[in-house]
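Undergrad: Mapped onto this note's numbering, the consecutive letters of the sequence shown carry residue numbers 5 to 187.
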Amino acid sequence: MNNCLTSLQDIKMRIRLSGLFRKICLAALILGLCAVPALAETMYVKSSKTKMTAEASARSKSLGYLSAGQAVNVVGKEGKFIKVSVGGKTGYVFKFKLTSSAPSGGGGGGGLDVLTGNQKMAAAESSSGSSIRGLSPISENYAKGHGISPDHVASVKQMESLSFSSSQVDAFQEQGKLGPYAQ
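1) Starting from the C-beta of Pro107, find all residues in its chain whose C-beta is less than 8 Å away, skip the five residues before and the five after it, and write them out in chain order.
2) So who's on the other strand from Phe85, going by DSSP bridges?
3) Could you give the DSSP three-state label for Ala186: helix, strand or coil?
4) So, helix, strand or coil for Ala158, using DSSP?
5) Determine, using beta carbons only, whether Val97 and Asn77 come nearer to each other than 8 Å.
6) Have a look at Gly183, Ala75 and Lys101 and flag the residue whose alpha-carbon is nearest the alpha-carbon of Lys50.
7) Among Ser153, Ser165 and Glu82, whose alpha-carbon lies nearest the alpha-carbon of Ala58?
8) How would you label Met56, buried or exposed, when you count the other beta carbons within 10 angstroms and need 16 or more for buried?
9) Only counting the same chain, and skipping five residues up and downstream in sequence, which positions put a Cβ closer than 7 Å to that of Gly95?
10) Are the CB atoms of Lys65 and Ser170 nearer to each other than 8 Å?
11) Does DSSP put Lys50 in a helix, in a strand, or in coil?
12) Quick one, which of Glu144, Thr46, Thr103 and Gly80 has its alpha-carbon nearest Val160's?
13) Tell me the DSSP secondary structure of Ser167 in three-state form.
Structure follows, in structure tokens:
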């Protein structure tokens, strides 16, 4: 009879310990989940006029534009897009428009001004979404000294004068299935 009581007490003790073990595991899990937001990653926008969309699609409704150097908090990742939070809004940015390296100049603007378009831009930025870099004076002298024809140099200079609006660049990317429109 004593053996039966001892076995019954052992079983009760094991049940209590297994319940305690479950509680400890549950507490550790809850603490771990609470720590996740503290580990949120900060990324930075690579180029000005980077579009933030409502959904993980380049064709989704635009929530606004971010400026180069703008810090964003990463919320998640969905395919080619990174879900970010900035200025109290959450949306998606094409992953190649972001970098984990902080800008050397201290970052660009902040808050909702960036999303609503109330940002200051360089004159060159305001007139074009994309432009061709062209020849520097050093490159031009090199071309002349190495037998590159004046017609070719003039052609490059003509290309330098070209500029494209953000909407033209976006339409080109969509039509060619490039960048955020790639499949």
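Here a beta-carbon is modelled for each residue, glycine too, at the ideal position from N, C-alpha and C.
TA: Looking at the coordinates:
1) Counting from one through the sequence shown, the residue named residue 107 turns up at place 103. Excluding positions up to five away in sequence, the list reads Tyr48, Ala72 and Gly73.
2) The residue labelled residue 85 in the question sits at position 81 within the sequence shown. Checking the DSSP bridge columns, you'll see Phe85 partnered with Glu82 and Phe98.
3) Taking the sequence shown and counting its residues from 1, the one referred to as residue 186 is at position 182. Three-state DSSP puts Ala186 in coil, outside helix and strand.
4) Within the sequence shown, numbered from 1, the residue matching residue 158 stands at position 154. Looking at Ala158 - three-state DSSP - the assignment turns out to be helix.
5) Numbered from 1 along the sequence shown, position 93 holds the residue referred to as residue 97. Numbered from 1 along the sequence shown, position 73 holds the residue referred to as residue 77. No. Outside cutoff.
6) As a position in the sequence shown, residue 50 is number 46, starting the count at 1. The candidate whose alpha carbon is nearest that of Lys50 is Lys101.
7) For this step, residue 58 is matched to residue 54 along the sequence shown. Comparing Cα positions, the closest option is Glu82.
8) Numbered from its first residue, the sequence shown carries residue 56 at position 52. Answer is buried; the Cβ neighbour count reaches 16.
9) For the purposes of this step, residue 95 is taken as residue 91 along the sequence shown, with counting starting at 1. Cβ within range, chain order: Met56, Thr57, Ala58, Leu67 and Val88.
10) Mapped onto the sequence shown, residue 65 falls at position 61. Mapped onto the sequence shown, residue 170 falls at position 166. No, these two residues do not count as a Cβ contact at 8 Å.
11) Counting from one through the sequence shown, the residue named residue 50 turns up at place 46. The answer is coil: DSSP assigns Lys50 none of H, G, I, E or B.
12) For the purposes of this step, residue 160 is taken as residue 156 along the sequence shown, with counting starting at 1. Closest option to Val160, Cα to Cα, is Glu144.
13) Position 163 of the sequence shown, counting from 1, holds the residue named residue 167. Taken through DSSP and simplified to helix, strand or coil, Ser167 comes out as strand.
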